[in-house]
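Notes follow once the structure below has been shown.
2 protein chains.
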Amino acid sequence: MKIGIFGTGMAGKTLAEKLFALEYDVMIGTRDIAKTLYNADGDIYGGPPFKTWIRERPDIKLGTFADAAIHGELLINAVSGTGTIPALKKAGKSNLRGKVLIDISNPLDFSKGMPPPLFVSNTDSLGEQIQQEFPKVKVVKTLNTMNAYLMANPGLVPGDHNVFLCGNDEDAKAVVKKMLKKFGWKEKLMIDLGDISGARSTEQMLPVWLRLWGKLQHPMFNFNVVVGRPL
Amino acid sequence: MKIGIFGTGMAGKTLAEKLFALEYDVMIGTRDIAKTLYNADGDIYGGPPFKTWIRERPDIKLGTFADAAIHGELLINAVSGTGTIPALKKAGKSNLRGKVLIDISNPLDFSKGMPPPLFVSNTDSLGEQIQQEFPKVKVVKTLNTMNAYLMANPGLVPGDHNVFLCGNDEDAKAVVKKMLKKFGWKEKLMIDLGDISGARSTEQMLPVWLRLWGKLQHPMFNFNVVVGRPL
């Protein structure tokens, strides 16, 4: 199956590598290929710059956002929150039409210092804004409540913990669940929160996620919803 | 020890009963005693009206918000989010001064239908608004991420799950932790999120809490933060 991933950051790279290992045909999309291949900055965890990373993985393709959108039967938005809508516009409405788009982004506004507030929240969400801007795309919000390594390798945190998903299209969610299963997520630990307005609730978990990160001084943790007997 | 609890709803009653069972001297405060004792509405879980409940528990005292503030060495705000600041103003700044106030409320706005949005969030919180309005009070935000029964009886949901707390005063948090321990919370499951601005993060967990409630059709669940090894 062909996958298009928007974004060359930690999440884009980690998911691309995992999907490639799972024998998907992966293309990463970026705004400006030349700029991406010129940039010499390493990643936040001390990894090499993207240009080195992609050179070491010659079978993972690199293209523009539009190239990746055309390539992918299944698409993943791994661009920053602020970059998401512009990136999807660059990808092109007609290239996105009818496809499943997994949105793992969070509406974090890093322009105001740390911790970043959300630039959309409470009565709206980034997931909903994408769905509204691209009504013909089947948006599924998932994986946004954890760090990139854990998304692709849930076993990195031992025991039971959850991945949330939501979206308006049931078949699209079924496709996404299949992919999550291949990543190692047990089906019983996937929590379907219903339609895309559920994105409000998972995006608003970022503030506590960020606070926990600050406290623990590392991002290898996740939430588990523990359920007791009804009253 | 003398406790003053503001609010006659599920949370106020449940905590009053638990604290009384733990041999605290408990007074519940309400805006209008006569009205509270006249109201014949039962509670949302099919329990009796407050007037019946309090008659069956003659050793739990009932007073005005000010009476409860004067009575309590330790205070608990269990009023609705919208009622919180008005209730505390009625309680009286001078009666609250210097005391520890446990705030378990959430800024839910029920005036706009279900699910309720938050009337303060993201860059501010109800916990912070209380602290700002009453700077001489030692506000500790806790217990607001679960239903009332679970607050007072964590064993109702089996296994490990967390209670968050935050506040500006370390000694006040130590007092609150002692009380939580008596409720049955293990110390290792209490997560101190730092100063009162942590209230933003736990209040913003309400949207996912409400969504999970809708999905499960009952409120007997809680969050557990599962931590793996650092990268």
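Which chain is which? The protein sequence lines are A and B, in order. For the first sequence, position 101 matches number 421 in this note's numbering, and the numbering has no gaps at all. For the second sequence, position 152 matches number 472 in this note's numbering, and the numbering has no gaps at all. Yeah, the Cβ is synthetic: ideal placement off N, Cα and C, and Gly gets one too. Quantities reported herein were computed from a predicted structural model and do not represent experimental measurements.
query	result
Here's the rule I'm using: 16 or more other beta-carbon atoms within 10 Å means buried, otherwise exposed. How should GLN451(A) be labelled?	buried
Cβ of LYS432(B) within 8 Å of Cβ of ILE516(B)?	no
Assess, as a yes-or-no matter, whether the segment 413-432 of chain A is touched by the segment 458-472 of chain A under the definition of 3 or more beta carbon pairs within less than 8 Å.	yes
Assign PHE454(B) to one of three DSSP states: helix, strand, or coil.	coil
Starting from THR443(B), find everything on chain A with Cβ-Cβ shorter than 7 Å and list it in chain order.	PRO437
Below 7 Å on C-beta distance, what does LEU536(B) contact in chain A?	VAL547
Taking the continuous alpha helix (DSSP H) assigned at LYS409(A), which residues delimit it?	401-411
What would DSSP say about PHE439(B), mapped onto helix, strand or coil?	coil
Under the assumption that ILE271(B) contacts ALA336(B) (Cβ atoms under 8 Å), give the Cβ distance between them as a whole number of angstroms.	Lying before the first or after the last residue shown, residue 271(B) is absent from chain B, which here runs from 321 to 551.
Would you list the one or two residues that DSSP bridges to LYS355(B)?	Paired residues: none, contrary to the question.
Give a yes or no on contact between the segment 344-364 of chain B and the segment 384-392 of chain B, applying the rule of three or more CB pairs nearer than 8 Å.	yes
Counting Cβ pairs, one atom from each stretch, are 3 or more of them under 8 Å apart for the segment 534-548 of chain B and the segment 543-551 of chain A?	yes
For the 8 Å Cβ check, are there 3 or more pairs between the segment 523-542 of chain B and the segment 469-484 of chain B?	yes
Which residues, in order along the segment 480-492 of chain A, keep a beta-carbon less than 8 Å from a beta-carbon of chain B?	ASP480, HIS481, PHE484
Taking the alpha carbon of MET471(B) as the reference point, which residue from VAL528(B), PHE503(B), LEU428(B), ASN397(B) has its own alpha carbon closest?	PHE503(B)
Span of the alpha helix (DSSP H) holding ILE374(A)?	370-375
Rounded to the nearest angstrom, what separates PRO455(A) and LEU513(A) at their Cα positions?	20 Å
Using beta carbons (cut-off 8 Å, strictly below), is GLY518(B) in contact with chain A?	yes
Measuring alpha carbon to alpha carbon, tell me which of ILE511(B), ASP345(B), PRO427(B) ends up nearest LEU559(A).	A query on residue 559(A) cannot be resolved here, the shown segment of chain A reaching from 321 to 551 and no further.
Return the chain-ordered ranges of every beta strand (DSSP E) run that is complete within the segment 444-489 of chain A and spans a minimum of 3 residues.	458-462, 483-487
Mapping DSSP to helix, strand and coil, what is ASN415(B)?	helix
Which same chain residues, not among the five before or five after ASN415(B), have their C-beta less than 8 Å away from its C-beta?	ALA386, ALA389, ILE390
For a cutoff of 8 Å on Cβ pairs, would you count SER425(A) as touching chain B?	no
So, is GLN537(B) buried or exposed, given that buried needs 16 or more other C-beta atoms within 10 angstroms?	exposed
Less than 8 Å separating the beta-carbons of LYS332(A) and ALA407(A)?	For the record, residue 332(A) in the displayed sequence is Gly; it is not Lys. Their beta carbons are not under 8 Å apart, which means GLY332(A) does not touch ALA407(A) by this criterion.
Helix, strand or coil: which one does DSSP assign to THR384(B)?	strand
Does PRO368(B) get closer than 8 Å to chain A when you measure Cβ to Cβ?	no
When we look at the beta-carbon of PRO378(B) and count the other beta-carbons within 10 Å, is it buried (16 or more) or exposed?	exposed
Distance cutoff 8 Å, beta carbons only. Does GLN451(A) sit that close to anything in chain B?	no
Do the CB positions of PHE439(B) and THR404(B) come within less than 8 Å of each other?	no
Taking all protein chains shown into account, do 16 or more other C-beta atoms lie within 10 angstroms of the C-beta of PHE370(B), making it buried, or fewer, making it exposed?	buried
State buried or exposed for THR372(B), treating a residue as buried only when at least 16 other CB atoms are found within 10 Å of its CB.	exposed
Applying the criterion that 16 or more other CB atoms from any shown protein chain within 10 Å of the CB defines a buried residue, is THR443(B) buried or exposed?	exposed
Assign ILE380(A) to one of two classes, buried (16 or more other C-beta atoms within 10 Å of its C-beta) or exposed (fewer than that).	buried
Can you grab the Cα-Cα spacing for the pair LEU551(A) / PRO527(B), in whole Å?	21 Å
Check the DSSP bridge columns for ILE424(B) and list the partner residues they point to.	Beta-bridge pairing links ILE424(B) to no other residue.
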